[in-house]
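Colleague:
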Amino acid sequence: MTLAAELGKPISVPTGPRIRAPRRSLAISPSALLPFLLPLGIVVLWQAASSFGWITNRLMPAPIQVVWAFWDKLVSGELAVNIQASAIRAISGLLVGGSIGFLLGLANGVSRLSHSLTDTTLQMLRTIPNLALIPLVILWFGIGEEAKLFLTALGVFFPIYLNTLHGVRNVDPQLIEMGRVYGMNGWTLFRKVIFPGALPSIFVGLRFSLGIMWLTLIVAESMAASSGIGHMANSAREFMMTDVVILALVIYALLGKLADLVALTLERLTLSWNPAYQKSARS
Amino acid sequence: MSTTVRTKNVWGNDIEPEYAARIPRQRAGDRGVGIRIEGLAKSFGDVPVLHDLDLEVPAGQFLAIVGKSGCGKSTLLRLLVGLDTPTSGAISFVGPDGADTEPSSRIVFQEPRLLPWASVIDNVVVGLGEGVGRRDARRLAEAALAEVQLGEKAGEWPSRLSGGQRQRAALARALVSQPAFLALDEPLGALDALTRITMQALIERVWQEQGFTALFVTHDVGEAVALADRVIVLDEGRIALDIAIDQPRPRRRGAPDLAEIEGRLLAGIFK
Ligand SMILES: Nc1ncnc2c1ncn2[C@@H]1O[C@H](COP(=O)(O)OP(=O)(O)OP(=O)(O)O)[C@@H](O)[C@H]1O
Ligand SMILES: [Mg+2]
Numbered sequence: 026m027t028l029a030a031e032l033g034k035p036i037s038v039p040t041g042p043r044i045r046a047p048r049r050s051l052a053i054s055p056s057a058l059l060p061f062l063l064p065l066g067i068v069v070l071w072q073a074a075s076s077f078g079w080i081t082n083r084l085m086p087a088p089i090q091v092v093w094a095f096w097d098k099l100v101s102g103e104l105a106v107n108i109q110a111s112a113i114r115a116i117s118g119l120l121v122g123g124s125i126g127f128l129l130g131l132a133n134g135v136s137r138l139s140h141s142l143t144d145t146t147l148q149m150l151r152t153i154p155n156l157a158l159i160p161l162v163i164l165w166f167g168i169g170e171e172a173k174l175f176l177t178a179l180g181v182f183f184p185i186y187l188n189t190l191h192g193v194r195n196v197d198p199q200l201i202e203m204g205r206v207y208g209m210n211g212w213t214l215f216r217k218v219i220f221p222g223a224l225p226s227i228f229v230g231l232r233f234s235l236g237i238m239w240l241t242l243i244v245a246e247s248m249a250a251s252s253g254i255g256h257m258a259n260s261a262r263e264f265m266m267t268d269v270v271i272l273a274l275v276i277y278a279l280l281g282k283l284a285d286l287v288a289l290t291l292e293r294l295t296l297s298w299n300p301a302y303q304k305s306a307r308s
Numbered sequence: 288m289s290t291t292v293r294t295k296n297v298w299g300n301d302i303e304p305e306y307a308a309r310i311p312r313q314r315a316g317d318r319g320v321g322i323r324i325e326g327l328a329k330s331f332g333d334v335p336v337l338h339d340l341d342l343e344v345p346a347g348q349f350l351a352i353v354g355k356s357g358c359g360k361s362t363l364l365r366l367l368v369g370l371d372t373p374t375s376g377a378i379s380f381v382g383p384d385g386a387d388t389e390p391s392s393r394i395v396f397q398e399p400r401l402l403p404w405a406s407v408i409d410n411v412v413v414g415l416g417e418g419v420g421r422r423d424a425r426r427l428a429e430a431a432l433a434e435v436q437l438g439e440k441a442g443e444w445p446s447r448l449s450g451g452q453r454q455r456a457a458l459a460r461a462l463v464s465q466p467a468f469l470a471l472d473e474p475l476g477a478l479d480a481l482t483r484i485t486m487q488a489l490i491e492r493v494w495q496e497q498g499f500t501a502l503f504v505t506h507d508v509g510e511a512v513a514l515a516d517r518v519i520v521l522d523e524g525r526i527a528l529d530i531a532i533d534q535p536r537p538r539r540r541g542a543p544d545l546a547e548i549e550g551r552l553l554a555g556i557f558k
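Here the protein sequences come in this chain order: H and A.
So my numbering is basically just the index in the first sequence, starting at one, shifted up by 25.
So my numbering is basically just the index in the second sequence, starting at one, shifted up by 287.
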C-alpha cells in the first residue's frame, strides 16, 4: 500500500448545499423593544407629573406641549428650515475637517518625513479645546457661517486625524511584507492592504468626531446665528418658550443618533469581513 | 466506514478525485530554475547570521533546509526572494538555457498572511500581481484553489477557515502565478500532526506536477526526509551537512533507509 493511498482521506468532504441562515422575520420581537421601555416610562411619568401640577409648566413643559410645539414648527415650515441649516453646517464641517484630518493622517502614517514635519505641531494644537477659540474665531471671521464652519471642522479634524494615523501605523507589518513579496507597491499596496487595515480605526475616529461635531454646532449656533436648531432654541429662550427649547434638545438628540446610525451602518457594510461584525457573531 | 462518492459539487462542477490518491500529472515542462549562491553573507549590525555560504541547487530540486532555531534559515529564504539584501556575496538564478534569469519567486510563510478583508479567492488573485485581466485572474485562482482542494471555500472570508485551510489558501496564492522557485518557511509549523501529513502529500504532489524548484525550511527532520531530494543542515551560518535522498516516491514514513538518514541529520544538527 502506498503512502498516497494511506493518505487518501478527504480534507474537505463536500456536504451538500450550504445551509442558508434563516431569514430574519420582520415581526419585532419583544426583546427589541426593551431598550425603549425606560425612555417611554419617563415620558409617561413626566406627563403625569405635569398633569397633576407637580411641576411648573412655565419651567418644564409637559411632553404633550412639546409635541404641539413640534407640530406648530413643522406646519409653519420653520423646523425644516432650521434643521436644514444645521445639517448643512454639520455636514460641511465634517467634510472639510474630516477630509483634511483623513489625508493628513494617511500622509503622516505612510511618510516619515511628513510625520516629523507636522505631527508634533498637530499634537500641540490638539490640547486646545476648540471652543476655547471662540473669541479668536469671532475676531477673525465675525459671527457668520465661516466661524461655525471653522469651529466644527477643527473639532472634527482631530479624532479623524489621530485615528487614521493610528490605523495606518498599526496595519500588520506581516501583511505589508506579504504585499511586497507579491509585487505590490505604492498605490496597490495602499488600496489592498494599508487602507482596509486602517479602516476599523478610521471608523472609530469618525464616530468620535460626530459627537464633537454636534457639540460644537450647538455652542456655535446658540452663540450667534440667524438659523439652525441652536438659533431656534436660543430665540425661544428669550420668550420663555420652554417647550421649543426642549423640542430643540430632542431634535439634537435625534440628529446625533441618526448620524451615529449612518456611521454604524457604513461600518457594518465595509467591515463585513471582520468576525466582530458577522451576523453569527452577534448576540 | 463508508464515504459517499460525489462527482459533482453543489454548483454542478466536477469534483477532482481526492488529491492524495491521485497519480501526479505529467510535469508541465521544466519550469524550475537553478539557484547559485556564492560567498553569501548577511549580518544584522555587527551580528553575522550567514557567512561564506556556497550552495548550488539544480533546477526542479526539492531542497529541505533544517537547523537549530536562529541559525539563519528564514534569513536565507528572505534573501532569496528579495525581502532582504545580502551584506556580501551573490545569488543568481539559472534558466533552462543556462543563462542568468530573474525568476518569478514566491514564498509561503509560517503564518498564512491572508488579507482578512478579502475573500479566499481574492486572496489567491493577489498572487497573480498586476496585469492579469479580471476574468483570467478569477479562472486561474479557481484552478489554484481546486488544486489545493479548497474550491468550495472560494467565497468565504479567511476568518471562517480552519488553520490548515488558511495555509492551503496561502499555498494556492503562491502557486497561482506558476513560480519557477518556491520558498516555504516552515509552512506546516503551526498545524496539527494529522493535517501536516495531508499537507505534506499535497505539497509533494503539486511540486511533482509543476516542477518548480522548492526550498523547504522545516523543524521536523522526518518531514524533510520524507519530502526532499536533498537535505542540508545549516549551522552557525554555514552548511554543516548536505545529504542527497534518492528514495523512490511516494515514500513511506519510518522506512529503515529514511530512518537511517534521519539519524545522521539529527547527529549533524546536535553535534
Ligand atoms: N531583522 C533582524 N534584525 C536583527 N536580527 C535579526 C533580524 N532577523 C533575524 N535576525 C537574527 O538573525 C538570526 C537568524 O534568524 P532567522 O530568523 O534566520 O533564524 P531561523 O533559522 O529562521 O530560526 P527559526 O528556526 O527559529 O525560525 C537570529 O539570531 C535573529 O536574531
Ligand atoms: Mg525562521
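We put the beta carbon where it would ideally sit given N, CA and C, even for glycine.
#1: Please list the terminal residues of the continuous beta strand (DSSP E) segment that includes Val381/A.
#2: Nearest-angstrom Cα distance between Glu103/H and Leu240/H?
#3: Pick out every residue whose C-beta is nearer than 5 Å to a heavy atom of ligand 3: which are they, in chain order?
#4: In chain H, which residues lie with their C-beta within 8 Å of the C-beta of Pro403/A?
#5: Please compile the residues from chain A whose C-beta is within a distance smaller than 7 Å of the C-beta of Arg151/H.
#6: Residues in the region 265 to 296 of chain H with C-beta within 9 Å of chain A's C-beta atoms, listed in sequence order?
#7: So, is Lys282/H buried or exposed, given that buried needs 16 or more other C-beta atoms within 10 angstroms?
#8: Using a Cβ-Cβ cut-off of less than 7 Å, list which residues of the region 363 to 374 of chain A approach chain H; keep chain order.
#9: Under 8 Å, do Leu367/A and Ala515/A count as touching if we go by C-beta distance?
#10: Check Gly385/A in the structure and name its three-state DSSP category.
#11: Let me know the secondary structure DSSP gives Gly326/A once reduced to three states.
#12: Ala46/H CB to nearest chain A CB: under 8 Å?
#13: Counting only beta-carbon atoms, is Tyr207/H nearer than 8 Å to chain A?
#14: Distance cutoff 8 Å, beta carbons only. Does Thr189/H sit that close to anything in chain A?
#15: Going by CA-CA distance only, name the one from Ala223/H, Leu200/H, Pro198/H, Leu174/H that's closest to Tyr186/H.
#16: Under the rule that 16 or more other beta-carbon atoms within 10 Å means buried, what is Ile310/A, buried or exposed?
#17: For the candidate residues Phe182/H, Leu294/H, Glu246/H, Leu274/H, whose alpha-carbon lies nearest to that of Pro225/H?
#18: So, does the region 467 to 483 of chain A touch the region 382 to 400 of chain A, judging by three or more C-beta pairs under 8 Å?
#19: Between Ala110/H, His191/H, Phe228/H, Ser56/H, which lies nearest to Asp144/H when the distance is taken from Cα to Cα?
#20: Please tell me whether Leu528/A and Gly498/A are closer than 8 Å, where the distance is taken between their beta carbons.
#21: Which value, in whole angstroms, describes the spacing of the CA atoms of Trp298/H and Lys329/A?
#22: Note the first and the last residue of the continuous alpha helix (DSSP H) segment covering Pro55/H.
#23: Over the uninterrupted alpha helix (DSSP H) stretch that includes Gly524/A, give me the two end residues.
#24: Between Leu200/H and chain A, is the shortest Cβ-Cβ distance under 8 Å, so that the two count as touching?
#25: Step through the CB atoms of chain A and report whether any lies within less than 8 Å of the CB of Val218/H.
#26: Give the DSSP-derived three-state secondary structure of Thr290/H in the structure shown.
#27: So who's on the other strand from Ser392/A, going by DSSP bridges?
#28: Do you know offhand how far Arg540/A's Cα is from Ala513/A's?
#29: Return the CA-CA distance between Leu147/H and Asp285/H, expressed in angstroms with no decimal places.
#30: Output the residue ranges of the beta strand (DSSP E) runs that lie fully inside the region 400 to 474 of chain A and measure 3 residues or longer, sorted by chain position.
#31: Helix, strand or coil for Gln313/A, going by three-state DSSP, please let me know.
#32: In the DSSP assignment, what residue or residues form a beta bridge with Arg517/A?
#33: Hey, would you say Gly134/H sits closer than 8 Å to Val181/H, going by beta carbons?
#34: Where are the alpha helix (DSSP H) runs, 4 residues long or more, that stay fully inside the region 168 to 200 of chain H, in chain order?
#35: Identify which residue in Arg83/H, Ser117/H, Val269/H, Ala157/H has its Cα closest to the Cα of Leu235/H.
Modeller: So, from the data block:
#1: First-last of the beta strand (DSSP E) with Val381/A: 375 to 381.
#2: Rounded to whole angstroms, Glu103/H to Leu240/H spans 22 Å at the Cα level.
#3: Of the ligands one can find in the structure shown, namely ligand 1 and ligand 2, none is ligand 3.
#4: Within 8 Å Cβ-Cβ: Trp298, Asn299.
#5: Simply none; closest approach about 30 Å.
#6: If the cut-off is 9 Å between Cβ atoms, the region 265 to 296 of chain H has Thr295, Leu296 near chain A.
#7: Classification of Lys282/H: exposed, given that the 10 Å Cβ count is below 16.
#8: Hits within the stretch, in order: Val368, Leu370.
#9: At a Cβ-Cβ threshold of 8 Å, Leu367/A and Ala515/A do not count as neighbours.
#10: Looking at Gly385/A - three-state DSSP - the assignment turns out to be coil, as it is neither helix nor strand.
#11: Gly326/A: strand per DSSP, three-state reduction.
#12: Because the pLDDT at Ala46/H is just 46, under 50, the model does not fix this residue reliably, and the value given afterwards should be weighed accordingly. No, Ala46/H lies away from the interface with chain A (no Cβ there is under 8 Å from its Cβ).
#13: Residue-level contact by beta carbon holds for Tyr207/H and chain A, with a gap shorter than 8 Å.
#14: Thr189/H does not count as touching chain A.
#15: Each of Ala223/H, Leu200/H, Pro198/H, Leu174/H was checked against the Cα of Tyr186/H, and the nearest Cα belongs to Ala223/H.
#16: Reliability fails at Ile310/A, whose pLDDT of 44 lies under 50, so the model's placement of it is uncertain and the value that follows must be treated cautiously. Label assigned to Ile310/A: exposed.
#17: Among Phe182/H, Leu294/H, Glu246/H, Leu274/H, the Cα nearest to that of Pro225/H belongs to Leu294/H.
#18: These segments touch.
#19: Per the Cα distances, His191/H.
#20: No, the pair does not count as a contact, with Cβ atoms beyond the cut-off.
#21: C-alpha separation (whole angstroms): 40 Å.
#22: 55 to 58 is the extent of the alpha helix (DSSP H) around Pro55/H.
#23: From DSSP, Gly524/A is part of no alpha helix (DSSP H); its letter is neither H nor E.
#24: Residue-level contact check: Leu200/H touches chain A, since one or more beta carbons of chain A fall below 8 Å from its beta carbon.
#25: Using a CB distance cut-off of 8 Å, Val218/H counts as an interface residue toward chain A.
#26: Under the three-state reduction of DSSP, Thr290/H is assigned to helix.
#27: Per DSSP, Phe468/A.
#28: Near 7 Å, if we compare the C-alpha coordinates of Ala513/A and Arg540/A.
#29: Cα to Cα, Leu147/H sits roughly 26 Å from Asp285/H.
#30: Counting whole runs of 3 or more residues, the region 400 to 474 of chain A contains the beta strand (DSSP E) stretches 468 to 472.
#31: Here the model assigns Gln313/A a pLDDT of 46, short of 50, so the residue's position is not dependable, and the following value carries that caveat. Coil, per DSSP.
#32: In the DSSP output, where bridge partners are listed per residue, Arg517/A has Leu350/A, Ala531/A.
#33: Taking a C-beta distance under 8 Å as the contact criterion, Gly134/H and Val181/H do not qualify as a contact pair.
#34: Listed in chain order, the alpha helix (DSSP H) elements of length 4 or more contained wholly in the region 168 to 200 of chain H are 170 to 194.
#35: Nearest Cα to Leu235/H within the set Arg83/H, Ser117/H, Val269/H, Ala157/H: Ser117/H.
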